[in-house]
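Keeping their order, the protein sequence lines are chains A, B, C and D.
Every position in the first sequence, counted from 1, becomes a number in the working numbering once 1 is added.
Every position in the second sequence, counted from 1, becomes a number in the working numbering once 1 is added.
Every position in the third sequence, counted from 1, becomes a number in the working numbering once 1 is added.
Every position in the fourth sequence, counted from 1, becomes a number in the working numbering once 1 is added.
Here a beta-carbon is modelled for each residue, glycine too, at the ideal position from N, C-alpha and C.
The next block holds one structure in the form of C-alpha cells; read it before the comments.
Protein chains: 4
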Amino acid sequence: MGQGHRLRVRVRFPEADLMGWAHHTVYFVWFEMGRTELMRAYGLSYKEVVAQGYHLPVIEAHARYRKAAHYDQEVEVETVLYEVDRLTLKFRYRVWDPSTGALLAEGWTRHAVIDGAGRLRRLPAPVYDALCRWVVTDS
Amino acid sequence: MGQGHRLRVRVRFPEADLMGWAHHTVYFVWFEMGRTELMRAYGLSYKEVVAQGYHLPVIEAHARYRKAAHYDQEVEVETVLYEVDRLTLKFRYRVWDPSTGALLAEGWTRHAVIDGAGRLRRLPAPVYDALCRWVVTDS
Amino acid sequence: MGQGHRLRVRVRFPEADLMGWAHHTVYFVWFEMGRTELMRAYGLSYKEVVAQGYHLPVIEAHARYRKAAHYDQEVEVETVLYEVDRLTLKFRYRVWDPSTGALLAEGWTRHAVIDGAGRLRRLPAPVYDALCRWVVTDS
Amino acid sequence: MGQGHRLRVRVRFPEADLMGWAHHTVYFVWFEMGRTELMRAYGLSYKEVVAQGYHLPVIEAHARYRKAAHYDQEVEVETVLYEVDRLTLKFRYRVWDPSTGALLAEGWTRHAVIDGAGRLRRLPAPVYDALCRWVVTDS
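And the structure:
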C-alpha cells in the first residue's frame, strides 16, 4: 500500500487480553474506524450515509495477524478502497507499528449496499463514479 | 456440519448496532466462545491451557455474513475442529437461527501454539493425538 | 437480597483484562442482562418495549467492586426492581461467586422513561401498577 | 472543573446502541482513557505502573448521564484527580459536547493500590507526594 489513508489509534486497556495484547476482534474495530475516516477524508461521512437511509454492512471479513499490538501501544491503520462495483465495496487494511515500521496485521472487508429496510440496492451513479476515483489497486 | 459442538447465545443490547443487528465483530466473540466450549466438552479447559503457560492466539480469521442476527435473538453457534498439525489448529463455525434453521454466518479461525514468552511451540504429542481425534473434516 | 432474579453468566475471554479479571465495565453489561431477564421473567420483553417506541435509558449508574471475577469464571447476577415511580425506575444488583457464596460486586442503575423521540414520558398506569408489584425493597 | 485534563474522543460505530447513542458503559471506558492520559501528561504512564507490578483497580464507579452522545460525535472528557490518600485515589470526570458546551455526563471512580499478587498496598511516599500536587478539589 503506501497510498492509503492513515489513522493513529492507541490500544485501550479493556481491548487488551490476558496476555496484554489487543484482542483479535479489536482489529476489525480499527478497520471500521479506518474506512470511516477514509470516507470522511473524501467528504462522505458514514453518519450521513446512514442518515440518508443507506447502510454498508460487512458481508465478509478477513484478517491475518502477524505480530501482537500491546496495551497502550499506538498503531497506524492504513486503509484503501480496493474494489467497487454497483453492488459491493471492498476495503483493504494494514496495521503498522509506527515506531518500528513493522506490519502487525492485514485484512479486508467486503460490504453490500442496502437501504433502511435491509433490501440490497445499487449504488447511485454519482456515488459509484466518485468511489471509483478513490480505488487503489496496485498495492 | 451437523456434528459440531453447539452453543446457544443471545445477542446482548450493547452488541447490537444502530440497525439493531449484532455488530460483525460479535460473531468472532461467539466463535471464541464456541471453541472454548468445544474444548471444555472434550475435557480441555482453555483456562487450564493458559495456566500451563500455553496460548492459542488467532493468526487468521474469516467470516461471511448471510443474514443479520437481531438484538435479543438467540443464535446457535456450531463449532468443529477442522484441521490440526503440530504447529497450528483451524476451527470452523456456523451461526444458525434455531427458530428457522437459517444460516446466519459462517467462518473459521487459524491458531498458532505459543508459550508464555510468545515463542512458537509444537503441540505436545499426547495433546496432538487427542486433538486429531476431534477433527471433523467432512462438513 | 435473596428474593432477586438470578442469572448465571461466564466471564468471556475479551472481557478479562491484563490481570485476568473481568473489566469493571463488564459488570454494567451483566446488570443490563440481569434487568432484561428479570423483565422477561415477568412477561415484559425489553425488545418489545423498544418495538412499542419506548426506552428506559440509564440516567445514573453505580457499582462497588469487592472481589475480582476471573476469566472463565461463572458468576451469578441477582437483580431486583427496587423503586418505581411514574417517571423513573431503579434496579439493584449483586454479583455472587456461586461456588463460594462470596459477594463480588453490587450496584444499581436508575432509568428514565422516554419515547422514540427522546422525550420524557410517564409510565402508563397499567405498566406502573404491574411494576409496583415486582418491587423488592427489604433487601 | 475547568482545570481538568481534556481528551477528545469520537463515538465509534459499535459503541452506539439501537438508538444511535453511546452505550452507558462506554463512558466508563472514556473515564479510563481520561485518567490514563492525565497520568501520562504528568509523566506517570499507567503501562509503566503495571510493568512495576502495581495496579490501580476500580473499587467504586459512578456516572450520571444528562444528554446522549451520538454515533460519530466528538466528545471532550475532562478528568481531575480529586482525592488521594495512601490507600486510595479518586478521579472525577465530566463529558462535554465541545460544539455546544453542553454537559453530557459526569462521574467518578475510586481506586485501590494493589501489587501483582492482588494485595492492598500503600502508595510509596514519593508517588503519594507527587499525586498530592495534582489534586484539584475546588471544582
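### Query
When you compare only the Cα positions, how much space is there between residue 76 of chain A and residue 72 of chain D?
23 Å
### Query
Using a Cβ cut-off of 7 Å, which residues of the segment 16–44 of chain A contact any Cβ in chain C, in chain order?
17, 18, 19, 21, 24 and 26
### Query
Quick one: Cα of residue 58 of chain B to Cα of residue 32 of chain A, how far?
19 Å
### Exposed unless 16 or more other CB atoms sit within 10 angstroms - verdict on residue 15 of chain A
buried
#### Entry: Members of the segment 40–69 of chain C near chain D, C-beta cut-off 9 Å
51, 56, 58, 59, 60, 61, 62, 63, 64, 65, 66, 67 and 69
### Query
When the distance is taken between beta carbons, is residue 34 of chain D closer than 8 Å to residue 10 of chain D?
yes
### Query
By how many angstroms is the C-alpha of residue 36 of chain C removed from the C-alpha of residue 5 of chain D?
35 Å
### Query
Ordered along the chain, which non-local residues of its own chain (more than five positions away) have a Cβ less than 7 Å from that of residue 29 of chain C?
62 and 64
### Task
Pull up the CB-CB distance for residue 83 of chain C and residue 136 of chain C, whole angstroms please, since I reckon it's below 8 Å.
7 Å
### Task
Answer yes or no: does any C-beta atom of chain D fall closer than 8 Å to that of residue 120 of chain A?
no
### Query
By Cβ distance below 8 Å, which residues in the same chain neighbour residue 99 of chain D in space, the five residues on each side in sequence not counted?
9, 75, 76 and 77
### Message
According to DSSP, simplified to helix, strand and coil, what is residue 68 of chain A?
### Response
coil
### Task
Could you check how far apart the C-beta atoms of residue 112 of chain B and residue 89 of chain B are, in whole angstroms? I think they sit under 8 Å.
6 Å
### Message
Less than 8 Å between the beta carbons of residue 60 of chain A and residue 66 of chain B, yes or no?
### Response
yes
### Query
Looking at chain C, which residues of the segment 72–97 of chain A have a Cβ within less than 7 Å of any of its Cβ atoms?
72
### Query
Which runs of the alpha helix (DSSP H), 4 residues or longer, sit entirely within the segment 23–61 of chain C?
25–42 and 47–52
### Query
Just curious, the beta strand (DSSP E) that residue 90 of chain C is in, first and last residue?
89–98
### Message
Can you pull the chain B neighbours of residue 13 of chain C, defined as C-beta to C-beta under 8 Å?
### Response
30, 33 and 34
### Rounded distance between the beta-carbons of residue 132 of chain C and residue 85 of chain C, thought under 8 Å
5 Å
### CB contact flag (residue 115 of chain C, residue 123 of chain C, <8 Å)
no
### Start and end residues, beta strand (DSSP E) containing residue 19 of chain C
Looking at the DSSP string, residue 19 of chain C is not in any beta strand (DSSP E), and its letter there is neither H nor E.
### Separation of residue 107 of chain B from residue 2 of chain A, as counted between CA atoms
Model confidence at residue 2 of chain A stands at a pLDDT of 48, short of 50, so the residue's coordinates are unreliable; what they give is reported in the following sentence. Their Cα atoms are separated by approximately 29 Å.
### Task
Would you identify the three-state DSSP class for residue 109 of chain B, choosing helix, strand or coil?
strand
### Task
Give the range of the beta strand (DSSP E) segment to which residue 85 of chain A is assigned.
75–85
#### Entry: Residue interval of the beta strand (DSSP E) (run including residue 114 of chain C)
Unbroken run through residue 114 of chain C: none, as it is neither H nor E.
### CB of residue 217 of chain C within 8 Å of CB of residue 68 of chain C, strictly
The shown model of chain C, from 2 to 140, leaves out residue 217 of chain C, and the question about it has no answer.
### Query
Where DSSP assigns a beta bridge to residue 121 of chain B, which residues make up the other side?
B:115
### Task
Would you kindly work out how many angstroms separate the C-alpha atoms of residue 43 of chain D and residue 38 of chain B, rounded to a whole number?
44 Å
#### Entry: Inter-residue spacing [alpha-carbon to alpha-carbon] between residue 21 of chain C and residue 138 of chain C
35 Å
### Query
When the distance is taken between beta carbons, is residue 12 of chain A closer than 8 Å to residue 52 of chain A?
no
### Query
For residue 17 of chain C versus residue 19 of chain A, is the C-beta spacing smaller than 8 Å?
yes
### Message
Quick check on residue 7 of chain A: does DSSP put it in helix, strand or coil?
### Response
strand
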